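For the sequence shown, the positions run 2 to 575 when this note's numbering is used. First comes the structure, then the notes that go with it.
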Amino acid sequence: MTEQLAPTSPSHETEMPAEEPWLRCSGCGSLLYRKRFVRLHRVCPDCGAHARLTARQRIAQLLDPGSAREIPVPPTVVDPLRFIDSRPYPQRLAEARRATGEDDAVVVVTGSIGGRSLVMAVMDFGFLGGSLGVAVGEAVTCAAELALRDSLPLLLVTSSGGARMQEGVLSLMQMAKTAQAMAALDEAGLLTITLVTDPTYGGVAASFATLSDVLLAEPKARMGFAGPRVIKQTINQELPEGFQTAEFLRDRGLIDGVYPRAELREVLTRLLDIARPDVRLSADLERGRQWLVHDPEQLEHRSAWDTVRRARAPERLTALEHIRLWTSGFVELLGSRCGSDSPALVGGVGLLAGQPVLLLGQQKGHDTHELVRRDFGMVTADGYRKALRLMRLASKLRLPVISLIDTPGAHPGLESEETGQAGAIAACIAELGTLPVPVISVVTGEGGSGGALALAVGDRVLLSEHAVYSVISAEGCAAILWKTAEAAPKAAAALQLDAPSLLRHGIVDAVVREPGAGAHTDPMEASIRLRDAVLTTLSELLPLPGPRLVRERRARFRRYGRLQATALSEGRQR
2 MTEQLAPTSP SHETEMPAEE PWLRCSGCGS LLYRKRFVRL HRVCPDCGAH
52 ARLTARQRIA QLLDPGSARE IPVPPTVVDP LRFIDSRPYP QRLAEARRAT
102 GEDDAVVVVT GSIGGRSLVM AVMDFGFLGG SLGVAVGEAV TCAAELALRD
152 SLPLLLVTSS GGARMQEGVL SLMQMAKTAQ AMAALDEAGL LTITLVTDPT
202 YGGVAASFAT LSDVLLAEPK ARMGFAGPRV IKQTINQELP EGFQTAEFLR
252 DRGLIDGVYP RAELREVLTR LLDIARPDVR LSADLERGRQ WLVHDPEQLE
302 HRSAWDTVRR ARAPERLTAL EHIRLWTSGF VELLGSRCGS DSPALVGGVG
352 LLAGQPVLLL GQQKGHDTHE LVRRDFGMVT ADGYRKALRL MRLASKLRLP
402 VISLIDTPGA HPGLESEETG QAGAIAACIA ELGTLPVPVI SVVTGEGGSG
452 GALALAVGDR VLLSEHAVYS VISAEGCAAI LWKTAEAAPK AAAALQLDAP
502 SLLRHGIVDA VVREPGAGAH TDPMEASIRL RDAVLTTLSE LLPLPGPRLV
552 RERRARFRRY GRLQATALSE GRQR
């Protein structure tokens, strides 16, 4: 006798007698030893199919041993409509309670993951398909209220087939009830995380499940508002392969990441690290000061065109390489949540010398394949919307923002224009001006036009010694004004896009010295210098209150192009 395991079937497993030592994976047909299967958190070692877990199994897998404390949920109405189909609704409830041992489809607990305290609400698909009814809505809302009361992060583990029809419109009202509870956590600045498990549909997906700051999913987990069968019947079309799976959603920017069950505890620990109140910056701040140059006369003067070529050197580290070198526990967050993503814009959270930060960067590559995949660092409208989402997350969680700029400019394609490229860039520029947290922008290579400025409205703007920052590329300027790209060196000089010029004009606050003949000759040392300079700068900004940061940041950009009072006075006298 065998036990069936199927990742996309209504029930992943069929319970067998405890003495039965073997089961068969219906995903790949492998014969699995039950004890090994359980040790692997009920994941097939051959094909990776994830069997469905009960709420209790999920709690045991994720929480630190011995840390779970169940929170009772107040009673709710049981049968508001006196509903009967093939049998009375109370009879269905009684059967579900006997089968699962639970009062309803959600278990609420407090506990810890990696020593980080949190509140957790876990859905159990085995209880009437995890359907959203009044008891489920009450449990999720109580979990959110407990997190709010104790200032703790909230983790939601979702699994639901949709609304509980037997409770009629009262079940519908749970969508609004839970959504408002999540909004209160947003207002309080508390971290919320959803772990999407298979399946998550209907009212759960259209309320609390997708309102969290971070959306993670297990492989092949399905999520959507309507089920694929309903959609297919409605539109009378074949659906794409993998439709509504976690991977499908990730590739369309709708969730932040897909992680195998064995990796979830580590990822959650990293995310919870950013919400700890007892962290602080811990670094040797003097190291960064030796690399920061504030006087343009202390910089070596070379031709602007030579600087352009150095800024574009493919050996310079990319944003992700800098981020992974600088931080511990970095978790990349994906997607604009609007139906697309841009691989040219990367972002996420991590610890920088112990300080939780949000990092953004324009990502290029070192070879043709990677450059093409990343659109040569040219961000689309959805990429800027992803940046906007992450900026707002930083504001909510009070995380300093570090942005790394390296782009020839925003993506100029048809799709970018159709999806509102200009508006997305404008929104990023405006949002940066409102963030009540330190914002440090670092031009590491090319700072091209509005595509660069979208990440560069900072309290402090730093520039790598051989980086450039300009309103247009040298070639673009040459083609427009000199009618030939061969005039690019002349255009570069005229644009004054090099470090000494930018420092002299006050566009950047400091230049970070590069090693040797440039960052491309010793990329690791160049990155370390940038990190040290960022840490020194961050230490100066962290003590400042949010309103002061916003006021001074706006005043900084207000000054550009204005004549100083003394200069204006002298001009009048002449």
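Glycine included, every Cβ here is placed at the ideal spot set by N, Cα and C. Predicted model only: the values in this text are computed from it and were never measured.
Between residue i and the rest of its own chain, which residues show a CB-CB distance below 8 Å, the 5 nearest in sequence each way excluded?
{"i": "residue 339", "result": "254, 383 and 386"}
{"i": "residue 371", "result": "365"}
{"i": "residue 571", "result": "Note that residue 571 has pLDDT 44, beneath the 50 cutoff, so the model's placement of it is unreliable and the number below is only indicative. Counting only Cβ-Cβ distances below 8 Å, and skipping sequence neighbours, we find nothing."}
{"i": "residue 434", "result": "458, 551, 554, 555 and 558"}
{"i": "residue 22", "result": "34, 35 and 36"}
{"i": "residue 376", "result": "343, 344, 345 and 412"}
{"i": "residue 60", "result": "69, 108, 110, 112, 121 and 123"}
{"i": "residue 191", "result": "148, 149, 152, 153, 154, 155 and 276"}
{"i": "residue 522", "result": "316 and 516"}
{"i": "residue 313", "result": "446 and 447"}
Quick one: is residue i buried, meaning 16 or more other Cβ sit within 10 Å of its Cβ, or exposed?
{"i": "residue 76", "result": "exposed"}
{"i": "residue 403", "result": "buried"}
{"i": "residue 264", "result": "exposed"}
{"i": "residue 260", "result": "buried"}
{"i": "residue 442", "result": "buried"}
{"i": "residue 555", "result": "exposed"}
{"i": "residue 45", "result": "buried"}
{"i": "residue 447", "result": "buried"}
{"i": "residue 125", "result": "buried"}
{"i": "residue 66", "result": "exposed"}
{"i": "residue 292", "result": "buried"}
{"i": "residue 199", "result": "buried"}
{"i": "residue 327", "result": "buried"}
{"i": "residue 240", "result": "exposed"}
{"i": "residue 153", "result": "buried"}
{"i": "residue 545", "result": "exposed"}
{"i": "residue 29", "result": "exposed"}
{"i": "residue 234", "result": "exposed"}
CA-CA distance, residue i and residue j?
{"i": "residue 252", "j": "residue 491", "result": "43 Å"}
{"i": "residue 230", "j": "residue 201", "result": "15 Å"}
{"i": "residue 74", "j": "residue 143", "result": "7 Å"}
{"i": "residue 355", "j": "residue 165", "result": "45 Å"}
{"i": "residue 64", "j": "residue 280", "result": "22 Å"}
{"i": "residue 541", "j": "residue 439", "result": "9 Å"}
{"i": "residue 483", "j": "residue 415", "result": "27 Å"}
{"i": "residue 517", "j": "residue 564", "result": "38 Å"}
{"i": "residue 278", "j": "residue 197", "result": "27 Å"}
{"i": "residue 449", "j": "residue 248", "result": "33 Å"}
{"i": "residue 57", "j": "residue 367", "result": "47 Å"}
{"i": "residue 186", "j": "residue 351", "result": "21 Å"}
{"i": "residue 390", "j": "residue 337", "result": "7 Å"}
{"i": "residue 283", "j": "residue 526", "result": "20 Å"}
{"i": "residue 141", "j": "residue 508", "result": "49 Å"}
{"i": "residue 178", "j": "residue 138", "result": "7 Å"}
{"i": "residue 574", "j": "residue 410", "result": "Low confidence applies here, because residue 574 scores a pLDDT of 42, under 50, leaving its location unreliable and the question unanswered by this model."}
{"i": "residue 216", "j": "residue 324", "result": "21 Å"}
{"i": "residue 95", "j": "residue 130", "result": "14 Å"}
{"i": "residue 503", "j": "residue 400", "result": "28 Å"}
{"i": "residue 506", "j": "residue 472", "result": "14 Å"}
{"i": "residue 426", "j": "residue 78", "result": "49 Å"}
{"i": "residue 218", "j": "residue 295", "result": "47 Å"}
{"i": "residue 270", "j": "residue 183", "result": "21 Å"}
{"i": "residue 213", "j": "residue 511", "result": "38 Å"}
{"i": "residue 171", "j": "residue 134", "result": "7 Å"}
{"i": "residue 560", "j": "residue 297", "result": "20 Å"}
{"i": "residue 539", "j": "residue 26", "result": "52 Å"}
Among the residues of its own chain, which have a CB less than 7 Å from the CB of residue i, if the five just before and after it don't count?
{"i": "residue 430", "result": "454, 455 and 458"}
{"i": "residue 309", "result": "469, 475 and 493"}
{"i": "residue 406", "result": "363, 442, 443, 444, 445, 448, 453, 456 and 457"}
{"i": "residue 408", "result": "363, 378, 379, 380, 447, 449, 452 and 453"}
{"i": "residue 498", "result": "305, 469, 470 and 471"}
In chain order, what residues of the same chain have a beta carbon less than 6 Å from the beta carbon of residue i, not counting five sequence neighbours either side?
{"i": "residue 117", "result": "273"}
{"i": "residue 289", "result": "533, 534, 536 and 537"}
{"i": "residue 31", "result": "47"}
{"i": "residue 343", "result": "380, 381, 383 and 384"}
{"i": "residue 489", "result": "475, 476 and 479"}
Which residues does DSSP pair with residue i in a beta bridge?
{"i": "residue 71", "result": "110"}
{"i": "residue 143", "result": "In the DSSP output, where bridge partners are listed per residue, residue 143 has none listed."}
{"i": "residue 51", "result": "44"}
{"i": "residue 333", "result": "349"}
{"i": "residue 164", "result": "133"}
- request: Please determine if the region 99-113 and the region 40-50 are in contact, where contact requires at least 3 C-beta pairs separated by less than 8 Å.
  value: Contact check between the region 99-113 and the region 40-50: fewer than three CB pairs, one atom from each, fall below 8 Å, which does not count as touching.
query: Does the count of Cβ pairs from the region 90-108 and the region 292-302 closer than 8 Å reach three?
result: Output reads no: the region 292-302 does not touch the region 90-108.
query: Are the region 390-398 and the region 356-374 in contact at 8 Å, needing three or more beta carbon pairs?
result: Because the criterion of three Cβ pairs below 8 Å is met, the region 390-398 and the region 356-374 touch.
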